[in-house]
Amino acid sequence: MPERHQIAFYGKGGIDKSATKIVSGAEAVAMIRSGDTVAFSGFVGIGTPEAVICALEKRFLETGEPSNLTLVFAAAPGDGKDKGLNRLAHDGLVKRLIGGHFKPVPKLAKLAASGKCEIYNLPLGVISHLYREIAGRKPWLISKVGLGTFVDPRNSGGKMNSNTTEDLVEMVETHGEERLLYNAFPIDVVILRGTTADPSGNVTMEKEAATLDNLSLAMAAKAGGGIVILQVEGIAPAGSLHSRDIAIPGHLVDRVVVAQPEDHMQTYATHYSGAFSGEFRAPPDSAASMKLDERKIIARRCAFELRMGGVVNLGIGMPEGIAAVAAEEGIIDKITLTTESGTIGGTPQTGMDFGAAKNPESIIDQNQMFDLIDGGGLSFACLSFAQVDAQCNVNASRFGGILAGAGGFINISQNTRHVAFCGKFTDGGLRIEIRDGKLAILQEGRQAKFIKEVEQITFSGEIARETHQSVLYVTERCVFSLIPEGLELIEVAPGIDIERDILAHMEFRPIIRQPREMAAVIFADGPMNLDQLLLERLLSEGIEFDAERSTRPPAMG
């Protein structure tokens with residue numbers, strides 16, 4: 060075990076084992092050495108140890124140490140501007156990035172784009188599960204997640220610039236099937252966040268909006284003789300914390316830093332809401348009606364894919380409107396909405412609250428949520444697309460010079476039985492109008508989104524066809540479906556001319572047979588009576604019986 064990891068406290072009589080682990084941020088980060096691999100908790104602003112990150116930046120700017128760090132994170136801790144890991148985007152501080160999502164940390168993405176550090180983008184769920192494998196001293200994680208995407212080593216293996224050469228992902232074949240092998244790596248330091256600690260380092264998380272991977276990360280560090288730094292908002296007397304409330308036991312914790320309130324907000328948008336943490340249940344949000352524009356058209360059409368009792372994941376951006384439509388239509392309590400951060404039920408939040416849910420039924424660890432996702436536990440998912448090509452591939456991770464990162468997109472899109480990808484048909488200046496229930500294009504967007512070949516494959520159409528996945532591509536003017544032969548145009552909005560408004564703005568010709576008109580109710584003001592429509596569908600579909608399995612299959616949603 061390295062010398063710096065032999066933690067002891069000294070008093071007048073030598074080693075004092077009863078001494079506190081509570082130190083300043085500067086004292087905590089002084090333990091980090093140049094060349095270390097440092098892993099961070101955080102999902103945007105949820106669970107992000109802002110005070111410790113600030114202390115680490117301060118030390119580097121004042122001393123030039125530590126340098127050449129490898130930073131590891133699943134869902135990027137950052138606000139899309141200056142907070143979180145954006146603070147660490149300094150020349151010399153970072154040698155390598157291994158992350159699941161980069162949109163909240165654009166300064167790190169820019170550092171990597173300039174070639175000043177190595178960078179890997181791996182699926183968020185894979186990183187979350189790797190923490191667990193590292194904690195158990197397993198050499199790798201073997202998974203189908205990422206096959207056919209940019210993470211597949213036959214493409215780029217997750218490498219995001221030319222400076223990045225080491226292979227972290229390998230192709231293997233087991234039991235006659237292809238899988239990806241993600242190599243584990245030692246973690247020297249983890250920096251986490253909880254709510255309350257006692258002098259022994261026992262930590263609770265009662266005010267956190269998500270528990271994330273904190274316990275797995277702490278154990279992962281200890282498996283390799285590493286150190287664990289915990290940021291909290293307060294200290295409890297020794298022996299006062301209830302054992303069932305302790306999320307991270309003290310023997311796994313080396314240093315505890317008490318943060319100022321401004322560096323320990325529950326999210327980057329909310330200082331604290333008991334409705335996020337489960338302390339109390341807040342009154343339900345009033346069902347404010349969305350403006351009838353392209354976002355609502357898309358959200359309404361996607362909402363037609365919901366099923367009563369379905370377990371659903373909605374991606375960030377355009378798909379968030381589906382929750383608003385469900386609330387407006389009075390069916391929000393008839394479905395179970397989830398977030399990859401670990402919330403089940405309630406109303407997932409948006410913006411800088413993303414990852415939290417109001418009045419969640421349950422909050423589980425992030426790696427457990429990805430067990431649910433990878434195991435097919437979602438009945439429906441709706442995710443945003445940036446580009447779609449003739450092979451039905453989707454790009455949502457790197458486009459137009461923007462490195463957004465895959466986040467949970469690959470896990471969710473690959474393992475959910477029924478998926479809808481949604482977005483505007485064109486981008487950059489699109490303006491529409493609804494006249495008498497018909498859609499009119501006032502100004503076309505400058506960028507085509509249905510192109511010959513996507514810049515990066517985040518979702519593989521080939522893999523989806525092999526697994527007989529149900530996939531839709533929903534826009535404001537039309538809907539496509541993935542079929543064995545390719546991409547088929549199946550619905551067209553009222554008022555839209557196929558040649559003028561669709562084919563003229565695609566770089567390939569989709570399959571066209573007998574497209575139907577999108578439901579007129581989508582383009583009308585007022586409620587769609589979606590509850591009745593879904594109930595009628597439920598009754599018409601009935602209950603099927605799977606003779607081979609002698610059981611009723613789960614509803615495809």
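In my numbering, the protein residues as written are 60 to 616. A virtual CB, placed ideally from N, CA and C, is assigned to each residue, including glycine.
Report all residues from its chain with a CB closer than 8 Å to the CB of residue i; omit the five preceding and five following residues, and keep chain order.
i: S421; result: T402, I403 and G404
i: G585; result: none
i: A114; result: S83, G84, A85, A87, V88 and V316
i: R63; result: Residue confidence for R63 is low, a pLDDT of 39 falling below 50, so the modelled location carries little weight; the figure read from the coordinates is stated next. So the qualifying residues of the chain are M90, R92 and I286.
i: L239; result: I201, S202, K203, V204, G205, L206, V210, D211, P212, V228, E229, M230 and V231
So, residue i versus residue j, is the Cβ gap smaller than 8 Å?
i: F458; j: E503; result: no
i: L128; j: L152; result: yes
i: R314; j: K80; result: yes
i: V97; j: I91; result: yes
i: T233; j: E177; result: no
i: I286; j: V262; result: no
i: S259; j: G293; result: no
Within the continuous beta strand (DSSP E) that includes residue i, where are the two ends?
i: P543; result: Here P543 belongs to no beta strand (DSSP E), and DSSP marks it neither H nor E.
i: E232; result: V228 to T233
i: A243; result: No beta strand (DSSP E) contains A243, which DSSP labels as neither H nor E.
i: R490; result: R490 to R494
i: Q502; result: K497 to Q502
i: S529; result: S529 to V533
i: A98; result: T96 to F99
i: A440; result: F439 to S443
Following the continuous alpha helix (DSSP H) through residue i, name the residue where it begins and the one where it ends.
i: C113; result: E109 to T122
i: N273; result: N273 to A282
i: G158; result: Counting along the chain, G158 falls outside any alpha helix (DSSP H), though it belongs to the beta strand (DSSP E) covering V153 to G158.
i: H477; result: Premise fails: H477 lies in the beta strand (DSSP E), H477 to C481, not in any alpha helix (DSSP H).
i: Y190; result: L183 to A194
i: V384; result: E379 to E387
i: I469; result: F468 to N474
i: F335; result: G333 to S336
Please list, in chain order, all residues of the same chain as residue i whose beta carbon is under 6 Å from its beta carbon, the five residues on each side excluded.
i: A383; result: M349
i: M264; result: G253, T254, T270 and A306
i: K393; result: M367
i: P136; result: F99, G101, T107, G143 and L144
i: G369; result: I394, S438, F439 and G616
i: P613; result: Reliability fails at P613, whose pLDDT of 40 lies under 50, so the model's placement of it is uncertain and the value that follows must be treated cautiously. Excluding positions up to five away in sequence, the list is empty.
i: E607; result: At E607, the pLDDT of 45 sits below 50, so the modelled position is not reliable and the matter cannot be decided from this model.
i: G376; result: S443
i: I250; result: F99, P108, V111 and I288
i: M577; result: E550 and A552
i: E192; result: L200 and A243
Since residue i and residue j are thought to touch, with beta carbons under 8 Å apart, how far apart are those beta carbons, to the nearest angstrom?
i: S472; j: A507; result: Contact flag wrong, Cβ pair sits at about 22 Å.
i: E535; j: A552; result: 7 Å
i: L130; j: G159; result: Not confirmed; about 12 Å, so no contact.
i: A328; j: A334; result: 14 Å between Cβ atoms; not a contact.
i: A463; j: K162; result: 4 Å
i: G272; j: Q425; result: Here the sequence assigns Asp to residue 272, which means Gly is not the residue at that position. Right, their Cβ atoms sit about 5 Å apart.
i: E399; j: I432; result: 7 Å
Report the option in the options whose CA atom is closest to the CA atom of residue i.
i: A171; options: R155, L183, P163 and G184; result: R155
i: K266; options: A415, G368 and I357; result: A415
i: R572; options: A583, I549, I581 and V580; result: I549
i: S187; options: I390, L442 and A134; result: A134
i: V478; options: G460, L373 and E399; result: L373
i: E364; options: D424, R476, H149 and T485; result: R476
i: D590; options: F509, F518, E225 and I391; result: I391
i: Y486; options: Y179, V371 and V447; result: The sequence given here places Asp at residue 486; Tyr does not occur at that position. Cα-wise, what sits closest to D486 is V447.
i: G410; options: I469, T326 and C481; result: T326
Might you give, ordered along the chain, the residues of its own chain that have their beta carbon closer than 7 Å to the beta carbon of residue i, omitting 5 neighbours on each side?
i: Q617; result: In the structure displayed, the chain extends from 60 to 616; residue 617 sits before or after that span and is not available.
i: Q65; result: Below a pLDDT of 50, predicted positions are generally treated as unreliable, and Q65, at 36, falls in that range; the measurement from the model is reported next regardless. Within the same chain, Q65 has no close Cβ partners at all.
i: E618; result: Beyond the ends of the chain as shown, which are 60 and 616, falls residue 618; an answer cannot be given.
i: V580; result: M587
i: M324; result: G104 and H330
i: E566; result: A507, F509, I510 and K511
i: D150; result: K175
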